[in-house]
Amino acid sequence: MRLTMGGEPTYVSLDDATSPQWNTDADGPDKRRLATDLAERLRARYAEGGVVHRGQGKWYPGEPLPRWNIALQWRTDGVPIWADPALLADPWGPPAPDRDATADAEALVRRIARTLGLPEDQVLPAYEDPLAALASEVRQPFGERPDDAAEKLDAQGLGVLDAAVDTPTGWVLPLHPDSAAGWTSPAWRFRRGRLVLLPGTSPVGLRLPLDSVAWRDPAFEGEETRLEPGPPPSPQVPVVRVVDPEGAATTALAVEARDGHVHVFLPPTLRLEDYLDLLRLVEVGVRRVGCPVVLEGYGPPADPRLAQLVVTPDPGVIEVNVPPSGSWAELRDLTTTLAEQARLARLATEKFDLDGLHTGTGGGSHLTLGGPSPADSPLLRRPDLLASLIRYWQRHPALSYVFAGRFVGPTSQAPRFDEGRPEAVYEMEIALAELARLTAEAESGPGGGPAPWLVDRALRHLLTDLTGNTHRAEFCIDKLYSPDSGRGRLGLLELRGFEMPPHPQLALVQALLVRALVAMFWERPCTDPLIRWGTRLHDDLLLPAGAAADLAEVAADLRAHGIAFETAWFDPFLEFRFPRLGATRLPGPGGRAIELELRQAIEPWHVLGEEATGGGTARYVDSSVERVQVSVRGIDPHRHLVTCQGVPVPLTAPATDAGAADAAAAGDRLHGGVRYRAWQPWSALHPSIGVHAPLTVEVVDTRNGVSLGGVTYHVAHPGGRAYDTPPVNAAEAEARRAARFAALGHTTGRVDVGALREAAARAAAPEYPRTLDLRRVPPRRALPSAPAGGSPAP
Numbered sequence: 000m001r002l003t004m005g006g007e008p009t010y011v012s013l014d015d016a017t018s019p020q021w022n023t024d025a026d027g028p029d030k031r032r033l034a035t036d037l038a039e040r041l042r043a044r045y046a047e048g049g050v051v052h053r054g055q056g057k058w059y060p061g062e063p064l065p066r067w068n069i070a071l072q073w074r075t076d077g078v079p080i081w082a083d084p085a086l087l088a089d090p091w092g093p094p095a096p097d098r099d100a101t102a103d104a105e106a107l108v109r110r111i112a113r114t115l116g117l118p119e120d121q122v123l124p125a126y127e128d129p130l131a132a133l134a135s136e137v138r139q140p141f142g143e144r145p146d147d148a149a150e151k152l153d154a155q156g157l158g159v160l161d162a163a164v165d166t167p168t169g170w171v172l173p174l175h176p177d178s179a180a181g182w183t184s185p186a187w188r189f190r191r192g193r194l195v196l197l198p199g200t201s202p203v204g205l206r207l208p209l210d211s212v213a214w215r216d217p218a219f220e221g222e223e224t225r226l227e228p229g230p231p232p233s234p235q236v237p238v239v240r241v242v243d244p245e246g247a248a249t250t251a252l253a254v255e256a257r258d259g260h261v262h263v264f265l266p267p268t269l270r271l272e273d274y275l276d277l278l279r280l281v282e283v284g285v286r287r288v289g290c291p292v293v294l295e296g297y298g299p300p301a302d303p304r305l306a307q308l309v310v311t312p313d314p315g316v317i318e319v320n321v322p323p324s325g326s327w328a329e330l331r332d333l334t335t336t337l338a339e340q341a342r343l344a345r346l347a348t349e350k351f352d353l354d355g356l357h358t359g360t361g362g363g364s365h366l367t368l369g370g371p372s373p374a375d376s377p378l379l380r381r382p383d384l385l386a387s388l389i390r391y392w393q394r395h396p397a398l399s400y401v402f403a404g405r406f407v408g409p410t411s412q413a414p415r416f417d418e419g420r421p422e423a424v425y426e427m428e429i430a431l432a433e434l435a436r437l438t439a440e441a442e443s444g445p446g447g448g449p450a451p452w453l454v455d456r457a458l459r460h461l462l463t464d465l466t467g468n469t470h471r472a473e474f475c476i477d478k479l480y481s482p483d484s485g486r487g488r489l490g491l492l493e494l495r496g497f498e499m500p501p502h503p504q505l506a507l508v509q510a511l512l513v514r515a516l517v518a519m520f521w522e523r524p525c526t527d528p529l530i531r532w533g534t535r536l537h538d539d540l541l542l543p544a545g546a547a548a549d550l551a552e553v554a555a556d557l558r559a560h561g562i563a564f565e566t567a568w569f570d571p572f573l574e575f576r577f578p579r580l581g582a583t584r585l586p587g588p589g590g591r592a593i594e595l596e597l598r599q600a601i602e603p604w605h606v607l608g609e610e611a612t613g614g615g616t617a618r619y620v621d622s623s624v625e626r627v628q629v630s631v632r633g634i635d636p637h638r639h640l641v642t643c644q645g646v647p648v649p650l651t652a653p654a655t656d657a658g659a660a661d662a663a664a665a666g667d668r669l670h671g672g673v674r675y676r677a678w679q680p681w682s683a684l685h686p687s688i689g690v691h692a693p694l695t696v697e698v699v700d701t702r703n704g705v706s707l708g709g710v711t712y713h714v715a716h717p718g719g720r721a722y723d724t725p726p727v728n729a730a731e732a733e734a735r736r737a738a739r740f741a742a743l744g745h746t747t748g749r750v751d752v753g754a755l756r757e758a759a760a761r762a763a764a765p766e767y768p769r770t771l772d773l774r775r776v777p778p779r780r781a782l783p784s785a786p787a788g789g790s791p792a793p
């Protein structure tokens, strides 16, 4: 099959669980320090002979600057692309002692120009714009500035701005690397007689006045799509021609001194050969000048001959984009080594909430599937493979929910295609039928195989979230063969429904599960029809019993195909996703015990409507509603009721055709869900409904009209204790969870069974037959008592 697998594991600080940079913020000083430490450890392990490129990552609304990333780049054939790692500087570390970074920057760019055989006047000093400084100054309020008076510019000093600014910010060498048409260096000349940068604090390479270079814009040059890997590149110093700027490309290499370090801004390239030539050119100059540099600017074009491992920030975590692995042994070693190096860098893969809830990092651990090259991707060679994965995931919702984070549902970051849109399954059936028809026609045609863009055209507009965002989907095909850019034509499928688990062995089981399913569908495509789950998707399958039964079917399918995947391998995930809140044993009829257990269940979070904030408008997420599963064994369904807050819980058999009575007679557990408001935020869905906690769950003997006992579950500490810091380890987290559960819930006296049945009828919801929603009834603290001297209702 020639399958490759990659991923995006995420990490949090081992020593700091409270600061914003490890909870909500994307950046922070400690995060930069730990990311640098981890990147250096991984460079020594994987990128010997490679380079460290410090580029700019994604830029999200509300963030002042694009996010940084630390990219480790090396050739897959092992040939070095940078000889001396000591010549690569850390921009956040101390500068090199006894060196003038400004003089080194100018010497380096002029050395590069001489190496290329370019005249001295092709190196352009880049200056800040005094007119921009003047415009900024005249917009300031009248009167004395509150900052340092020595740095102020008042009305009497505005004339100083008319004088020439004689200190360059950096130096620019116009350069267009294109080995196909030959490298060129346009002779930029400006009306003001020099290169004046756009105002800002970004690197010089991002502030070039490109609209002042020439009257005619350069011809558009699209990104190259390389389906097959080319021959091994041989870096060399190219020959460069000086050309007229009219119609020429406006790219340039820029060098500047910033924070005591020399920064080299690399221009964009369309071919890996040109990118490697640039690195060779810079390294030759750096050796001659003798100063370490920071490589920044544009990264390399996507090419299977170059591997990348990128360390980048995400809200609350550090994300590592690992290179694809071509074998299970390689993937296993990469996963365990990365976990070990992260631990040595004081990074962890688990977090603990104040209430003791044990979670992963809260960040993603997406899995990517592809091939050694785009043309060799099994997903492009066999479009039915992707169709099989879509069908199987849709038929087994536990694959979408058990391995995901706490935020699931139609508005999450990895929604199922059939969530939130009632027509989605109908439209997907048409799309999959068309994909099969087009594939069959292509295989019988003169080309002998499907076109690479076929899958994208068939499924692009269905594999999205509710807003049409193709990236925020459980099955993301943005990098499969997208028409948007060359970086979207990599033959990759991204499975986004996986959150970072707390242990590398769990991460390996997730990867093994996906590999096993892919192997099964490669030999036997899945053609089973899609299921119209309706509300059952968020009813039975978000409870531990329903999810466990669904995963058991998955393991059974793999074993039936000859893949020895054990159902027990899912047990750690089920225990982690659905932690046991507590259990007790109650005296039952005939002397046998009744077992009562509470487990955490999954509750989709609701995204609210737009509300005004200090910075504009926002849509908050309502996480105040939670769900638990009530399980019971040893009762007689004809005689006993299990109640929560005085309302009977609907009990069903665990994913079997047998009725509740038959399942109970066979000794099986019966289970039901309870949805309740756990806390009261200032803005929420149904804000007038109060908190239902603590929950009291009891077993009622309807024949005798008495409560046999029960349990109480507190959302917060029952004594009112407010924790200031999260638990330090899993043991303390478990202790905090245990403190919120008590095997107490007995109601004394007679119980009005008729009132119980009336409450059950009021709370019943045909859409959710397996879940009691306490929001539909007023919260009750005890079971209704029977009238004095009366008898229990039948």
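Each residue of the sequence shown is one higher than the last, beginning at 0 in numbering that gives the first Met the number 0. For each residue, glycine too, the CB sits at the ideal point set by N, CA and C.
| field | Between the CA atoms of L86 and R286 - distance to the nearest angstrom | value | 8 angstroms
| said: Restricting to Cα atoms, I'd like to know which of T250, A180 and V236 is closest to V212. | reply: Answer by Cα proximity: T250.
| task | Go ahead and label Y425 buried or exposed: buried means 16 or more other beta carbons lie within 10 angstroms of its beta carbon, across all protein chains shown. | result | The residue is exposed, with fewer than 16 neighbouring Cβ atoms inside 10 Å.
| request: Inspect the CB distances between the segment 534-554 and the segment 385-398 and report whether three or more fall short of 8 angstroms. | output: The answer is yes - the segment 385-398 touches the segment 534-554, with three or more Cβ pairs under 8 angstroms.
| message | Rounded to the nearest angstrom, what separates L796 and F520 at their Cα positions? | response | Residue 796 cannot be examined here, being either before or after the span of the chain that is shown, 0 to 793.
| query | Where are the alpha helix (DSSP H) runs, 4 residues long or more, that stay fully inside the segment 477-550, in chain order? | reply | Every alpha helix (DSSP H) stretch that sits fully inside the segment 477-550 and reaches 4 residues is listed by chain position as 503-522.
| query | Just how far apart, CA to CA, sit V715 and A734? | reply | Residue identity differs from the one stated: residue 715 is Ala in this sequence, not Val. Using only the alpha carbons, I get a separation of about 13 angstroms.
| task | Tell me whether Y400 is buried or exposed, calling it buried when 16 or more other Cβ atoms sit within 10 Å of its Cβ. | result | buried
| query | What do you get for E282, buried or exposed, if any count of 16 or more other CB atoms within 10 angstroms of its CB means buried? | reply | Classification for E282: buried.
| Who does P796 pair with in a DSSP beta bridge? | Only positions 0 to 793 of the chain appear in this structure, which leaves residue 796 out of reach.
| query | What residue from D210, P303, I80 and T358 has the CA that sits closest to F575's CA? | reply | T358
| task | Could you tell me if K57 is buried or exposed, where buried requires 16 or more neighbouring beta carbons within 10 angstroms of its beta carbon? | result | Within 10 angstroms of the beta-carbon of K57 lie fewer than 16 other beta-carbons, which makes it exposed.
| said: So, with DSSP's three-state summary, where would you put T3? | reply: strand
| Sorted by chain position, which residues of the same chain lie with C-beta nearer than 7 angstroms to A301's C-beta, five sequence neighbours on each side aside? | G485, R486 and L489
| query | Opposite Y126 in the DSSP bridges: which residues? | reply | V195
| Inter-stretch contact (C-beta, 8 angstroms, three-pair minimum) for the segment 32-44 and the segment 371-378 | Result no; under three Cβ-Cβ pairs closer than 8 angstroms.
| DSSP-derived helix/strand/coil call for I111 | helix
| query | From L13 to Y45, what does the alpha carbon distance come to, in whole angstroms? | reply | 24 angstroms
| request: Would you be able to state if there are at least three C-beta pairs under 8 angstroms between the segment 316-332 and the segment 704-712? | output: Two segments are said to touch when three or more pairs of C-beta atoms, one from each, lie closer than 8 angstroms; by this definition the segment 704-712 does not touch the segment 316-332.
| message | In this structure, how does DSSP classify V236 when only helix, strand and coil are distinguished? | response | Reduced to three states, the DSSP call for V236 is coil.
| message | For A472 and V776, what's the separation of their Cα atoms in angstroms? | response | 35 angstroms
| said: According to DSSP, G369 sits in a beta bridge with which residue or residues? | reply: In DSSP, G369 forms a bridge with T3.
| request: State the DSSP-derived secondary structure class of S687, mapped to helix, strand or coil. | output: coil
| message | Using the three-state DSSP reduction, which class does R775 fall into: helix, strand or coil? | response | helix
| Reduced DSSP category for S135 - H, G, I as helix; E, B as strand; rest coil | helix
| For the beta strand (DSSP E) that L353 lies in, which residues bound it at each end? | Neither: L353 is in no beta strand (DSSP E) and is coded neither H nor E.
| query | In three-state DSSP terms, what is G753? | reply | helix
| Who are the near neighbours of A582 in its chain, counting only those whose CB is closer than 6 angstroms to its CB and skipping five residues on each side? | Same-chain partners within the cutoff: E596.
| said: One question on the structure: do I69 and V310 come within less than 8 angstroms of each other, judged by their Cβ atoms? | reply: yes
| Among the residues of its own chain, which have a CB less than 6 angstroms from the CB of P503, if the five just before and after it don't count? | The beta carbon of P503 sits closer than 6 angstroms to the beta carbons of T334, T335 and A338 from its chain, once the five residues preceding and following it are set aside; these are given in chain order.
| task | With DSSP as the reference, please indicate the residues paired to V241 in a beta bridge. | result | S184
| Are the beta-carbon atoms of F406 and P725 separated by less than 8 angstroms? | no
| Of the listed residues R32, S411 and A104, nearest to R618 (C-alpha basis) | S411
| Endpoints, alpha helix (DSSP H) assigned at T438 | Per DSSP, T438 belongs to the alpha helix (DSSP H) from A423 to S443.
| field | Strand pairing of P647, partner residues [DSSP] | value | T642
| query | Excluding five sequence neighbours on each side, which residues of the same chain lie with their C-beta closer than 6 angstroms to the C-beta of A179? | reply | none
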